[in-house]
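Some notes on the structure that comes next.
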Amino acid sequence: MPGMGRQAINTVRAVAYLLQEIELEEVAEKIRDIANTQFNEMANDLREFTEGLKEKVVEELEKGMTALEKKTGELVGAVEKAAQQAGSIGNAPYRDALTRAVSGAPLDANPRLAAKKSIRQRQSLIDLPKESSLRDCANSILVGKFSEAMGKATVQEHKVRSAIKLQNGGILVEMVMDEGAVWLASKANAEAFLRELGELEASFKTRSYNVIAYYVPLNLDTNSEKDKREIKEANRIQVGVLTKIRWIKPPMRRRTDQCFAHIIITFSDAETANRAIVNGLSICHKRVSIAKCRKEPIRCLKCQGWDHVASECMITKEVNVCGTCGARDHWTSKCNQQGVTWCTSCKSDDHTSWDRRCPTFLRKIDELNARDPANDIPFFPARESWTW
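Oh and the sequence shown: position 173 is 225 in our numbering, straight run, nothing missing.
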(Lines of atoms letter the chains of each structure in order from A and count residues from 1; the text may use other names and numbers.)
(Lines give C-alpha, C1' and ligand atoms only; values in the text may rest on other atoms or scores of the structure.)
Protein backbone atom coordinates (compact mmCIF):
# COMPACT_ATOMS: atom_id res chain seq x y z
CA MET A 1 0.00 0.00 0.00
CA PRO A 2 2.00 3.02 -1.23
CA GLY A 3 1.81 6.17 0.84
CA MET A 4 0.67 4.36 4.01
CA GLY A 5 2.79 3.81 7.03
CA ARG A 6 3.38 0.38 8.48
CA GLN A 7 1.22 1.09 11.48
CA ALA A 8 -1.69 2.06 9.29
CA ILE A 9 -1.23 -1.04 7.21
CA ASN A 10 -1.27 -3.25 10.29
CA THR A 11 -4.38 -1.54 11.52
CA VAL A 12 -6.16 -2.15 8.22
CA ARG A 13 -5.10 -5.77 8.25
CA ALA A 14 -6.39 -6.24 11.81
CA VAL A 15 -9.73 -4.78 10.84
CA ALA A 16 -9.87 -7.09 7.81
CA TYR A 17 -9.20 -10.14 9.97
CA LEU A 18 -11.94 -9.11 12.37
CA LEU A 19 -14.39 -8.63 9.54
CA GLN A 20 -13.48 -12.06 8.13
CA GLU A 21 -14.15 -13.75 11.48
CA ILE A 22 -17.49 -11.99 11.82
CA GLU A 23 -18.44 -13.09 8.29
CA LEU A 24 -17.54 -16.76 9.01
CA GLU A 25 -19.62 -16.79 12.20
CA GLU A 26 -22.60 -15.41 10.34
CA VAL A 27 -22.22 -18.03 7.62
CA ALA A 28 -21.96 -20.81 10.19
CA GLU A 29 -25.05 -19.54 11.98
CA LYS A 30 -26.96 -19.51 8.73
CA ILE A 31 -25.80 -23.05 7.94
CA ARG A 32 -26.94 -24.25 11.37
CA ASP A 33 -30.32 -22.64 10.89
CA ILE A 34 -30.72 -24.23 7.47
CA ALA A 35 -29.65 -27.68 8.80
CA ASN A 36 -32.06 -27.47 11.75
CA THR A 37 -34.87 -26.51 9.44
CA GLN A 38 -34.14 -29.40 7.08
CA PHE A 39 -33.85 -31.89 9.95
CA ASN A 40 -37.15 -30.81 11.46
CA GLU A 41 -38.85 -31.11 8.09
CA MET A 42 -37.41 -34.61 7.54
CA ALA A 43 -38.45 -35.72 11.05
CA ASN A 44 -41.99 -34.46 10.48
CA ASP A 45 -42.14 -36.21 7.09
CA LEU A 46 -40.88 -39.47 8.61
CA ARG A 47 -43.38 -39.27 11.47
CA GLU A 48 -46.25 -38.68 9.08
CA PHE A 49 -45.06 -41.55 6.87
CA THR A 50 -44.83 -43.96 9.83
CA GLU A 51 -48.28 -43.06 11.11
CA GLY A 52 -49.73 -43.47 7.66
CA LEU A 53 -48.01 -46.83 7.20
CA LYS A 54 -49.32 -48.06 10.57
CA GLU A 55 -52.85 -47.03 9.71
CA LYS A 56 -52.57 -48.78 6.36
CA VAL A 57 -51.25 -52.00 7.95
CA VAL A 58 -54.06 -52.00 10.53
CA GLU A 59 -56.58 -51.37 7.78
CA GLU A 60 -55.21 -54.25 5.69
CA LEU A 61 -55.21 -56.57 8.73
CA GLU A 62 -58.82 -55.70 9.47
CA LYS A 63 -59.74 -56.44 5.86
CA GLY A 64 -57.90 -59.79 6.05
CA MET A 65 -59.61 -60.77 9.31
CA THR A 66 -63.00 -59.88 7.88
CA ALA A 67 -62.34 -62.02 4.79
CA LEU A 68 -61.07 -64.90 6.95
CA GLU A 69 -64.16 -64.80 9.16
CA LYS A 70 -66.35 -64.86 6.07
CA LYS A 71 -64.51 -67.86 4.60
CA THR A 72 -64.61 -69.67 7.96
CA GLY A 73 -68.36 -69.15 8.17
CA GLU A 74 -68.78 -70.51 4.65
CA LEU A 75 -66.64 -73.56 5.51
CA VAL A 76 -68.65 -74.28 8.68
CA GLY A 77 -71.86 -74.02 6.71
CA ALA A 78 -70.55 -76.41 4.06
CA VAL A 79 -69.47 -78.94 6.71
CA GLU A 80 -72.85 -78.78 8.47
CA LYS A 81 -74.64 -79.22 5.16
CA ALA A 82 -72.46 -82.22 4.28
CA ALA A 83 -73.11 -83.73 7.72
CA GLN A 84 -76.86 -83.31 7.26
CA GLN A 85 -76.68 -84.93 3.84
CA ALA A 86 -74.63 -87.80 5.27
CA GLY A 87 -77.12 -88.22 8.13
CA SER A 88 -80.01 -88.55 5.67
CA ILE A 89 -78.44 -91.55 3.94
CA GLY A 90 -79.59 -93.92 6.68
CA ASN A 91 -77.38 -96.47 8.32
CA ALA A 92 -74.54 -96.22 5.81
CA PRO A 93 -71.42 -98.11 6.95
CA TYR A 94 -69.09 -95.69 5.19
CA ARG A 95 -70.71 -92.72 6.91
CA ASP A 96 -70.30 -94.46 10.26
CA ALA A 97 -66.67 -95.18 9.38
CA LEU A 98 -66.01 -91.51 8.75
CA THR A 99 -67.68 -90.63 12.03
CA ARG A 100 -65.43 -93.03 13.90
CA ALA A 101 -62.37 -91.71 12.04
CA VAL A 102 -63.08 -88.25 13.39
CA SER A 103 -63.85 -89.39 16.96
CA GLY A 104 -61.23 -92.10 17.42
CA ALA A 105 -59.84 -94.00 14.47
CA PRO A 106 -56.98 -92.54 12.37
CA LEU A 107 -57.99 -90.83 9.16
CA ASP A 108 -56.17 -93.48 7.11
CA ALA A 109 -57.84 -96.39 8.92
CA ASN A 110 -59.70 -99.04 6.95
CA PRO A 111 -63.30 -97.69 6.75
CA ARG A 112 -64.79 -101.13 7.42
CA LEU A 113 -62.46 -101.64 10.37
CA ALA A 114 -63.37 -98.23 11.82
CA ALA A 115 -67.08 -98.92 11.33
CA LYS A 116 -66.81 -102.30 13.05
CA LYS A 117 -64.92 -100.70 15.94
CA SER A 118 -67.69 -98.12 16.29
CA ILE A 119 -70.33 -100.85 16.36
CA ARG A 120 -68.45 -102.81 19.02
CA GLN A 121 -68.27 -99.73 21.22
CA ARG A 122 -72.07 -99.57 21.17
CA GLN A 123 -72.47 -103.24 22.07
CA SER A 124 -72.94 -104.88 25.48
CA LEU A 125 -73.05 -108.58 26.32
CA ILE A 126 -75.67 -109.84 28.77
CA ASP A 127 -75.15 -113.24 30.38
CA LEU A 128 -78.53 -114.79 31.20
CA PRO A 129 -79.20 -117.55 33.75
CA LYS A 130 -80.29 -120.89 32.30
CA GLU A 131 -83.85 -120.54 33.61
CA SER A 132 -84.37 -117.11 32.01
CA SER A 133 -87.41 -116.87 29.76
CA LEU A 134 -85.54 -114.48 27.47
CA ARG A 135 -83.56 -117.41 26.09
CA ASP A 136 -86.66 -118.52 24.18
CA CYS A 137 -87.58 -115.09 22.78
CA ALA A 138 -87.01 -114.09 19.18
CA ASN A 139 -84.55 -111.27 18.53
CA SER A 140 -87.35 -108.85 17.59
CA ILE A 141 -89.16 -109.59 20.87
CA LEU A 142 -85.93 -108.99 22.78
CA VAL A 143 -85.54 -105.54 21.22
CA GLY A 144 -89.04 -104.62 22.38
CA LYS A 145 -88.46 -105.86 25.93
CA PHE A 146 -85.10 -104.14 26.18
CA SER A 147 -86.49 -100.86 24.85
CA GLU A 148 -89.32 -100.98 27.38
CA ALA A 149 -86.91 -101.68 30.26
CA MET A 150 -84.60 -98.89 29.07
CA GLY A 151 -87.50 -96.43 29.05
CA LYS A 152 -88.35 -97.31 32.65
CA ALA A 153 -84.75 -97.24 33.88
CA THR A 154 -83.95 -93.71 32.66
CA VAL A 155 -85.70 -90.58 31.45
CA GLN A 156 -83.07 -90.24 28.74
CA GLU A 157 -84.12 -91.51 25.33
CA HIS A 158 -81.57 -94.27 24.78
CA LYS A 159 -82.76 -96.57 22.01
CA VAL A 160 -81.86 -100.21 21.38
CA ARG A 161 -80.89 -101.01 17.79
CA SER A 162 -80.60 -104.80 17.96
CA ALA A 163 -80.47 -107.78 20.31
CA ILE A 164 -78.92 -111.03 19.10
CA LYS A 165 -78.98 -114.34 20.94
CA LEU A 166 -75.64 -116.14 21.04
CA GLN A 167 -74.96 -119.87 21.08
CA ASN A 168 -73.77 -119.76 24.69
CA GLY A 169 -77.07 -118.29 25.85
CA GLY A 170 -75.90 -114.70 26.08
CA ILE A 171 -77.47 -111.73 24.33
CA LEU A 172 -75.50 -109.13 22.38
CA VAL A 173 -77.21 -105.75 22.68
CA GLU A 174 -76.38 -102.81 20.42
CA MET A 175 -77.48 -99.26 21.22
CA VAL A 176 -78.35 -96.74 18.52
CA MET A 177 -76.02 -94.05 19.88
CA ASP A 178 -72.68 -94.09 21.70
CA GLU A 179 -74.29 -92.17 24.58
CA GLY A 180 -76.61 -95.10 25.22
CA ALA A 181 -73.68 -97.51 25.44
CA VAL A 182 -71.87 -95.16 27.82
CA TRP A 183 -74.96 -94.96 30.03
CA LEU A 184 -75.30 -98.74 30.08
CA ALA A 185 -71.61 -99.17 30.94
CA SER A 186 -72.23 -97.69 34.39
CA LYS A 187 -72.70 -100.39 37.02
CA ALA A 188 -75.58 -98.57 38.69
CA ASN A 189 -77.35 -97.98 35.37
CA ALA A 190 -76.83 -101.59 34.28
CA GLU A 191 -78.34 -102.85 37.54
CA ALA A 192 -81.33 -100.52 37.10
CA PHE A 193 -81.82 -101.80 33.55
CA LEU A 194 -81.69 -105.47 34.61
CA ARG A 195 -84.09 -104.75 37.47
CA GLU A 196 -86.65 -103.23 35.09
CA LEU A 197 -86.04 -106.17 32.75
CA GLY A 198 -86.87 -108.57 35.57
CA GLU A 199 -83.51 -110.36 35.27
CA LEU A 200 -81.74 -109.73 38.57
CA GLU A 201 -79.62 -112.86 38.12
CA ALA A 202 -78.32 -111.71 34.75
CA SER A 203 -75.05 -109.80 34.41
CA PHE A 204 -73.12 -107.72 31.91
CA LYS A 205 -69.84 -109.15 30.61
CA THR A 206 -66.82 -107.16 29.52
CA ARG A 207 -65.28 -107.74 26.10
CA SER A 208 -62.30 -110.09 26.07
CA TYR A 209 -58.96 -109.72 24.28
CA ASN A 210 -57.05 -112.97 23.88
CA VAL A 211 -53.31 -113.26 23.25
CA ILE A 212 -50.96 -116.23 22.87
CA ALA A 213 -47.87 -116.53 25.07
CA TYR A 214 -45.25 -118.77 23.46
CA TYR A 215 -42.96 -121.27 25.18
CA VAL A 216 -44.11 -120.78 28.75
CA PRO A 217 -42.39 -122.96 31.41
CA LEU A 218 -44.51 -125.94 32.41
CA ASN A 219 -44.17 -125.17 36.11
CA LEU A 220 -46.86 -122.50 35.65
CA ASP A 221 -50.14 -123.48 37.33
CA THR A 222 -52.90 -121.80 35.33
CA ASN A 223 -55.40 -122.42 38.14
CA SER A 224 -53.20 -120.90 40.85
CA GLU A 225 -54.14 -117.43 42.06
CA LYS A 226 -50.59 -117.08 43.37
CA ASP A 227 -49.10 -117.61 39.89
CA LYS A 228 -51.60 -115.18 38.37
CA ARG A 229 -50.74 -112.57 40.99
CA GLU A 230 -47.02 -112.97 40.26
CA ILE A 231 -47.65 -112.41 36.54
CA LYS A 232 -49.66 -109.27 37.29
CA GLU A 233 -47.00 -107.88 39.63
CA ALA A 234 -44.06 -108.72 37.35
CA ASN A 235 -45.72 -107.02 34.39
CA ARG A 236 -47.52 -104.20 36.23
CA ILE A 237 -50.96 -105.33 35.12
CA GLN A 238 -53.84 -103.60 36.87
CA VAL A 239 -56.21 -105.55 39.08
CA GLY A 240 -59.08 -107.13 37.16
CA VAL A 241 -57.50 -106.74 33.71
CA LEU A 242 -55.96 -110.23 33.45
CA THR A 243 -59.04 -112.44 33.68
CA LYS A 244 -58.03 -115.92 32.51
CA ILE A 245 -55.07 -118.16 31.66
CA ARG A 246 -55.26 -121.59 30.01
CA TRP A 247 -52.98 -124.02 28.20
CA ILE A 248 -53.65 -124.35 24.47
CA LYS A 249 -52.88 -128.08 24.43
CA PRO A 250 -54.25 -130.23 27.28
CA PRO A 251 -51.46 -131.30 29.70
CA MET A 252 -52.21 -134.99 29.12
CA ARG A 253 -51.14 -134.63 25.47
CA ARG A 254 -47.65 -133.35 26.24
CA ARG A 255 -44.47 -135.24 25.46
CA THR A 256 -42.57 -136.70 28.38
CA ASP A 257 -39.51 -134.57 27.61
CA GLN A 258 -41.47 -131.36 26.99
CA CYS A 259 -40.37 -128.28 28.97
CA PHE A 260 -42.42 -125.45 27.45
CA ALA A 261 -45.90 -124.97 26.02
CA HIS A 262 -48.14 -122.17 24.77
CA ILE A 263 -50.92 -120.52 26.76
CA ILE A 264 -53.82 -118.20 25.98
CA ILE A 265 -54.13 -115.14 28.22
CA THR A 266 -57.39 -113.19 28.35
CA PHE A 267 -57.39 -109.46 29.08
CA SER A 268 -60.37 -107.19 29.64
CA ASP A 269 -58.52 -104.16 28.27
CA ALA A 270 -57.28 -103.71 24.70
CA GLU A 271 -54.46 -101.33 25.63
CA THR A 272 -52.98 -103.79 28.12
CA ALA A 273 -53.18 -106.58 25.54
CA ASN A 274 -51.43 -104.39 22.95
CA ARG A 275 -48.71 -103.46 25.41
CA ALA A 276 -48.12 -107.16 26.10
CA ILE A 277 -47.86 -107.84 22.35
CA VAL A 278 -45.26 -105.10 21.94
CA ASN A 279 -43.14 -105.75 25.04
CA GLY A 280 -43.78 -109.41 25.77
CA LEU A 281 -44.48 -110.72 29.28
CA SER A 282 -42.44 -112.10 32.13
CA ILE A 283 -43.91 -115.46 33.18
CA CYS A 284 -42.22 -117.72 35.72
CA HIS A 285 -39.09 -115.52 35.51
CA LYS A 286 -38.88 -116.05 31.73
CA ARG A 287 -39.46 -113.40 29.08
CA VAL A 288 -41.94 -114.79 26.54
CA SER A 289 -43.21 -113.48 23.21
CA ILE A 290 -46.86 -112.51 22.85
CA ALA A 291 -49.07 -112.45 19.75
CA LYS A 292 -52.69 -111.60 19.14
CA CYS A 293 -55.09 -114.54 19.03
CA ARG A 294 -56.62 -114.44 15.57
CA LYS A 295 -59.86 -116.09 14.57
CA GLU A 296 -59.57 -119.09 12.29
CA PRO A 297 -62.11 -120.85 10.09
CA ILE A 298 -64.17 -123.44 11.97
CA ARG A 299 -63.58 -126.97 10.72
CA CYS A 300 -65.91 -129.81 11.71
CA LEU A 301 -64.02 -132.72 13.27
CA LYS A 302 -66.75 -135.14 12.16
CA CYS A 303 -67.13 -134.43 8.43
CA GLN A 304 -64.03 -132.19 7.92
CA GLY A 305 -66.33 -129.55 6.43
CA TRP A 306 -66.32 -125.86 7.30
CA ASP A 307 -68.30 -123.27 9.26
CA HIS A 308 -69.84 -125.63 11.80
CA VAL A 309 -68.78 -127.86 14.70
CA ALA A 310 -69.24 -131.60 15.19
CA SER A 311 -72.24 -131.17 17.48
CA GLU A 312 -74.07 -129.32 14.68
CA CYS A 313 -72.93 -131.61 11.85
CA MET A 314 -75.72 -132.90 9.60
CA ILE A 315 -73.81 -135.94 8.34
CA THR A 316 -75.03 -139.42 9.22
CA LYS A 317 -74.29 -140.36 12.82
CA GLU A 318 -72.37 -143.49 11.84
CA VAL A 319 -70.00 -141.60 9.55
CA ASN A 320 -66.84 -140.05 11.00
CA VAL A 321 -64.42 -138.70 8.40
CA CYS A 322 -60.75 -138.95 9.36
CA GLY A 323 -58.81 -135.71 8.96
CA THR A 324 -55.59 -137.59 8.20
CA CYS A 325 -56.36 -140.44 5.81
CA GLY A 326 -59.86 -139.42 4.71
CA ALA A 327 -61.52 -142.71 5.71
CA ARG A 328 -65.15 -142.45 6.80
CA ASP A 329 -65.16 -145.05 9.55
CA HIS A 330 -63.07 -143.51 12.34
CA TRP A 331 -62.17 -140.27 14.08
CA THR A 332 -58.89 -138.50 13.32
CA SER A 333 -57.57 -139.31 16.80
CA LYS A 334 -58.11 -143.04 16.13
CA CYS A 335 -56.30 -143.14 12.78
CA ASN A 336 -53.58 -145.80 12.42
CA GLN A 337 -52.93 -145.45 8.69
CA GLN A 338 -49.21 -144.77 8.41
CA GLY A 339 -48.12 -142.56 5.49
CA VAL A 340 -51.65 -142.11 4.09
CA THR A 341 -52.89 -138.54 3.64
CA TRP A 342 -56.09 -137.14 2.19
CA CYS A 343 -57.67 -133.68 2.31
CA THR A 344 -61.45 -133.90 2.16
CA SER A 345 -61.82 -130.23 1.19
CA CYS A 346 -59.26 -130.19 -1.63
CA LYS A 347 -59.82 -133.80 -2.72
CA SER A 348 -56.05 -134.17 -2.71
CA ASP A 349 -53.64 -136.76 -1.32
CA ASP A 350 -50.64 -134.45 -0.88
CA HIS A 351 -51.75 -133.09 2.51
CA THR A 352 -54.17 -133.77 5.36
CA SER A 353 -57.43 -131.97 6.13
CA TRP A 354 -55.85 -130.38 9.19
CA ASP A 355 -52.71 -129.15 7.40
CA ARG A 356 -52.30 -125.43 8.03
CA ARG A 357 -50.88 -125.04 4.51
CA CYS A 358 -54.07 -126.46 3.00
CA PRO A 359 -55.17 -124.19 0.12
CA THR A 360 -58.78 -124.37 1.26
CA PHE A 361 -57.79 -123.41 4.80
CA LEU A 362 -55.76 -120.43 3.53
CA ARG A 363 -58.64 -119.31 1.31
CA LYS A 364 -61.02 -119.53 4.25
CA ILE A 365 -58.67 -117.33 6.28
CA ASP A 366 -58.67 -114.71 3.52
CA GLU A 367 -62.48 -114.79 3.45
CA LEU A 368 -62.61 -114.41 7.23
CA ASN A 369 -60.20 -111.47 7.19
CA ALA A 370 -62.26 -109.81 4.46
CA ARG A 371 -65.35 -110.04 6.67
CA ASP A 372 -63.47 -108.92 9.79
CA PRO A 373 -60.51 -106.63 8.89
CA ALA A 374 -59.49 -106.41 12.57
CA ASN A 375 -58.52 -110.08 12.42
CA ASP A 376 -55.77 -109.35 9.89
CA ILE A 377 -53.83 -106.78 11.95
CA PRO A 378 -51.37 -107.65 14.75
CA PHE A 379 -53.00 -105.44 17.41
CA PHE A 380 -56.42 -104.71 18.86
CA PRO A 381 -57.65 -101.32 17.54
CA ALA A 382 -57.49 -98.83 20.41
CA ARG A 383 -56.75 -95.16 21.06
CA GLU A 384 -53.17 -95.35 19.78
CA SER A 385 -52.93 -94.85 16.01
CA TRP A 386 -50.27 -97.58 15.63
CA THR A 387 -52.81 -100.22 16.75
CA TRP A 388 -54.81 -99.71 13.56
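The beta-carbon is built from N, C-alpha and C at its ideal position, and this holds for glycine as well.
Rounded to the nearest angstrom, what separates Leu230 and Leu236 at their Cα positions?
Here residue 230 corresponds to residue number 178 of the sequence shown, with the count starting at 1. Here residue 236 corresponds to residue number 184 of the sequence shown, with the count starting at 1. Note on identity: in this sequence residue 230 is Asp, with Leu being the wrong assignment. Roughly 10 Å separates the two Cα atoms.
Buried or exposed: which applies to Pro430, given that a residue is buried once 16 or more other Cβ atoms fall within 10 Å of its Cβ?
Along the sequence shown, one-based indexing puts residue 430 at 378. When all chains shown are included, Pro430 counts as exposed.
On a CA-only basis, which of Lys217, Asp381, Lys204, Lys169 is nearest Arg187? Give me that one, please.
The residue labelled residue 187 in the question sits at position 135 within the sequence shown. With distances taken between Cα atoms, Arg187 lies closest to Lys217.
Can you tell me where the alpha helix (DSSP H) with Thr324 in it begins and where it stops?
Here residue 324 is taken as the residue at index 272 of the sequence shown, counted from 1. Segment 322-331, the alpha helix (DSSP H) holding Thr324.
Could you give the DSSP three-state label for Glu183: helix, strand or coil?
Position 131 of the sequence shown, counted from the first residue, corresponds to residue 183. Reduced to three states, the DSSP call for Glu183 is coil.
Terminal residues of the continuous alpha helix (DSSP H) containing Phe245?
Numbered from its first residue, the sequence shown carries residue 245 at position 193. Per DSSP, Phe245 belongs to the alpha helix (DSSP H) from 239-249.
Which whole-angstrom value is the C-beta distance of Val330 and Tyr266, which I expect to be below 8 Å?
Taking the sequence shown and counting its residues from 1, the one referred to as residue 330 is at position 278. Taking the sequence shown and counting its residues from 1, the one referred to as residue 266 is at position 214. The C-beta separation of Val330 from Tyr266 comes to about 15 Å, leaving the pair out of contact by the 8 Å criterion.
Pop quiz: Thr324 and Val293 are said to be a contact at Cβ under 8 Å. What is the actual Cβ separation, rounded to whole angstroms?
Numbered from its first residue, the sequence shown carries residue 324 at position 272. Numbered from its first residue, the sequence shown carries residue 293 at position 241. Correct: roughly 5 Å between the Cβ atoms.
Roughly how many whole angstroms lie between the Cα atoms of Gly232 and Asn241?
Counting from 1 along the sequence shown, the entry for residue 232 is found at position 180. Counting from 1 along the sequence shown, the entry for residue 241 is found at position 189. Distance from the CA atom of Gly232 to the CA atom of Asn241, rounded to whole angstroms, is 11 Å.
Selection from Pro303, Pro411, Ser320, Gly203 that minimises the alpha carbon distance to Phe312
By 1-based counting over the sequence shown, the position of residue 312 is 260. Nearest C-alpha to Phe312: Pro303.
Under the three-state reduction of DSSP, which class applies to Ile283: helix, strand or coil?
Translated into the one-based positions of the sequence shown, residue 283 becomes position 231. Assignment of Ile283 by DSSP, reduced to helix, strand and coil, places it in the helix class.
Check this for me: beta carbons of Cys395 and Ser385, under 8 Å apart or not?
As a first step, residue 395 is located in the sequence shown; it is residue number 343 there, counting from the start. As a first step, residue 385 is located in the sequence shown; it is residue number 333 there, counting from the start. For Cys395 and Ser385, no; Cβs fall outside 8 Å.
Output the distance between the C-alpha atoms of Glu364 and Gly196, rounded to the nearest integer angstrom.
In the sequence shown, counting from the first residue as 1, residue 364 sits at position 312. In the sequence shown, counting from the first residue as 1, residue 196 sits at position 144. Rounded to the nearest angstrom, the two C-alpha atoms are 30 Å apart.
Assess, as a yes-or-no matter, whether the segment 207-227 is touched by the segment 168-187 under the definition of 3 or more beta carbon pairs within less than 8 Å.
The segment 207-227 and the segment 168-187 touch, with three or more beta-carbon pairs separated by less than 8 Å.
Taking a contact to mean a Cβ-Cβ separation below 8 Å, would you say Asn271 touches Cys352 in this structure?
The count along the sequence shown starts at 1 and reaches residue 271 at position 219. The count along the sequence shown starts at 1 and reaches residue 352 at position 300. Against a cut-off of 8 Å, the Cβ pair of Cys352 and Asn271 comes out as no contact.
Which parts of the segment 411-438 are runs of the alpha helix (DSSP H), unbroken and 4 residues or longer, counting only runs that do not cross its ends?
Runs of the alpha helix (DSSP H) inside the segment 411-438: 411-423.
Given that a residue counts as buried once 16 or more other Cβ atoms are within 10 Å of its Cβ, and exposed if not, what is Ala144?
By 1-based counting over the sequence shown, the position of residue 144 is 92. Low confidence applies here, because Ala144 scores a pLDDT of 44, under 50, leaving its location unreliable; read the following figure in that light. Answer is exposed; the Cβ neighbour count stays below 16.
Going along the chain, which residues of its own chain have a beta-carbon closer than 6 Å to the beta-carbon of Leu26, five neighbours each way excluded?
The shown model of the chain, from 53 to 440, leaves out residue 26, and the question about it has no answer.
Report the rounded CA-to-CA distance for Val291 versus Lys257, giving the unit in angstroms.
Numbered from 1 along the sequence shown, position 239 holds the residue referred to as residue 291. Numbered from 1 along the sequence shown, position 205 holds the residue referred to as residue 257. Answer to the nearest angstrom: the Cα atoms are 16 Å apart.
Close beta carbons around Ser199, own chain, < 6 Å, minus the five adjacent residues each side
Counting from 1 along the sequence shown, the entry for residue 199 is found at position 147. Excluding residues within five positions, the ones whose Cβ falls inside 6 Å are Val212.
Residue of Val371, Ala215, Tyr261 minimising C-alpha distance to Lys296:
Here residue 296 corresponds to residue number 244 of the sequence shown, with the count starting at 1. Out of Val371, Ala215, Tyr261, Tyr261 has the C-alpha closest to the C-alpha of Lys296.
Can Asp402 and Thr393 be called in contact, C-beta distance under 8 Å?
Here the question's residue 402 lines up with position 350 in the sequence shown. Here the question's residue 393 lines up with position 341 in the sequence shown. Annotated as proximal: Asp402 and Thr393, with beta-carbon spacing under 8 Å.
Per DSSP, Asp381 is paired with what?
As a working note, residue 381 is residue 329 in the sequence shown. The secondary-structure analysis by DSSP pairs Asp381 across a beta bridge with Asn372.
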